[in-house]
Every structure is written in structure tokens, then in C-alpha cells.
Amino acid sequence: MKIGELAKRSGLAASTIRFYESKGLLKAVSRLSNGYREYPLEAVALLAIINDAQKVGFSLEEIKQVLPEDISSWRHDELIAALKKKIADIESLEIRLAQNKAHLRSLIQLIDSRPDDIDCKDNAVRVMTSMGIPSAK
Numbered sequence: 108m109k110i111g112e113l114a115k116r117s118g119l120a121a122s123t124i125r126f127y128e129s130k131g132l133l134k135a136v137s138r139l140s141n142g143y144r145e146y147p148l149e150a151v152a153l154l155a156i157i158n159d160a161q162k163v164g165f166s167l168e169e170i171k172q173v174l175p176e177d178i179s180s181w182r183h184d185e186l187i188a189a190l191k192k193k194i195a196d197i198e199s200l201e202i203r204l205a206q207n208k209a210h211l212r213s214l215i216q217l218i219d220s221r222p223d224d225i226d227c228k229d230n231a232v233r234v235m236t237s238m239g240i241p242s243a244k
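Be aware that the sequence shown starts at 108, since it is given in the working numbering, and climbs by one per residue.
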């Protein structure tokens, strides 16, 4: 199938498909005598796999490392290891995000706990001081 048909079937732009090809993710591409690219039917499934993998956080390089030469012959152990590593990466990110969220909530509480007898400028100094940031006052 030509790139326009593949773009319609995959829901991806032709430029994205060409980009994936240039990065070595689509390998089973032939050229017709007129120079047009000819893609096998399995390219639709492969593009779906690439797209889904990117959505869950895999880089193109990570995807390239686990993609088999033939879509029907996955390297089981490498694939499982890559999936488990990505889960560990996500869990690590979740921990960092939870810490950031907690920090922001405590900062909001600190700012909102402004005593009634001080103005906004003095409150900023109070907040910065409690955070260990020297004020320019």
C-alpha cells in the first residue's frame, strides 16, 4: 500500500510515517519503479504498536531496541525486560510527582497562613525565611 493509504489506515500523518522510517522503525518498505514507497499490510499494526508505546512513555530509541525484524517474532525476554523497566520508571516518576505535589501543598498552606497583622510583602519575607531563602529586605 502507498503512504496515503497507510496514513488513512493508521491515523498518522504521512510525514510521521516517513519520520519513523528514517529512524529505522519501519524497515519492510520497498520502492516502486516510480519511486513511491510501498508498505506491507503489517505496517498498520507496527505503527499502532509504535504509537501506543510512545503514549506510555517509550522513546523511539527504546521502541527500536525491542521491535523485531519481523512483527511475528518478538524477542520475549527483551520485551518483558523493557516493559518492566518502563513500569519501574513510571513508579519512580510517580514518587517524584507525589513529593512535588506535597511540597506545593505545604507551600500553599504556608502562604495562606499569613497572620492578619502583616501585609503581602512582609508575608513574602516570612515565607521565604521559613523556606531558608534570604530576603532582599
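All C-beta atoms, glycine included, are put in the ideal place defined by N, C-alpha and C.
For R212, name the three-state secondary structure that DSSP assigns.
-> Helix, per DSSP.
Between the Cα of L186 and the Cα atoms of T236, S140, A160, which residue gives the shortest distance?
-> The option with the nearest alpha carbon to L186 is A160.
Looking at the unbroken alpha helix (DSSP H) that takes in I157, where does it start and where does it end?
-> 149-162 is the extent of the alpha helix (DSSP H) around I157.
Close beta carbons around R138, own chain, < 8 Å, minus the five adjacent residues each side | Residues of the same chain with a CB within less than 8 Å of the CB of R138, apart from the 5 flanking positions on each side, are R144, E145 in chain order.
Opposite E145 in the DSSP bridges: which residues?
-> Its beta-bridge partners are S137.
For L186, which of helix, strand or coil comes out of DSSP?
-> Note: L186 maps to helix in three-state DSSP.
Below 8 Å between beta carbons: does that hold for G111 and A120?
-> No, Cβ-Cβ distance for G111 and A120 is not below 8 Å.
What do you reckon, are the CB atoms on V173 and S117 nearer than 8 Å?
-> Taking 8 Å as the Cβ cut-off, V173 and S117 do not qualify as a contacting pair.
Considering only the beta carbon of each residue, do K130 and L153 sit closer than 8 Å?
-> For K130 and L153, no; Cβs fall outside 8 Å.
Alpha-carbon to alpha-carbon, R233 and S132 = Residue 132 is actually Leu in this sequence, not Ser. Near 55 Å, if we compare the C-alpha coordinates of R233 and L132.
Tell me where the alpha helix (DSSP H) around I225 begins and ends.
-> Per DSSP, I225 belongs to no alpha helix (DSSP H) and is neither H nor E.
Three-way DSSP call (helix, strand, coil) for S166 in this model = Judged by DSSP in its simplified three-state form, S166 adopts coil rather than helix or strand.
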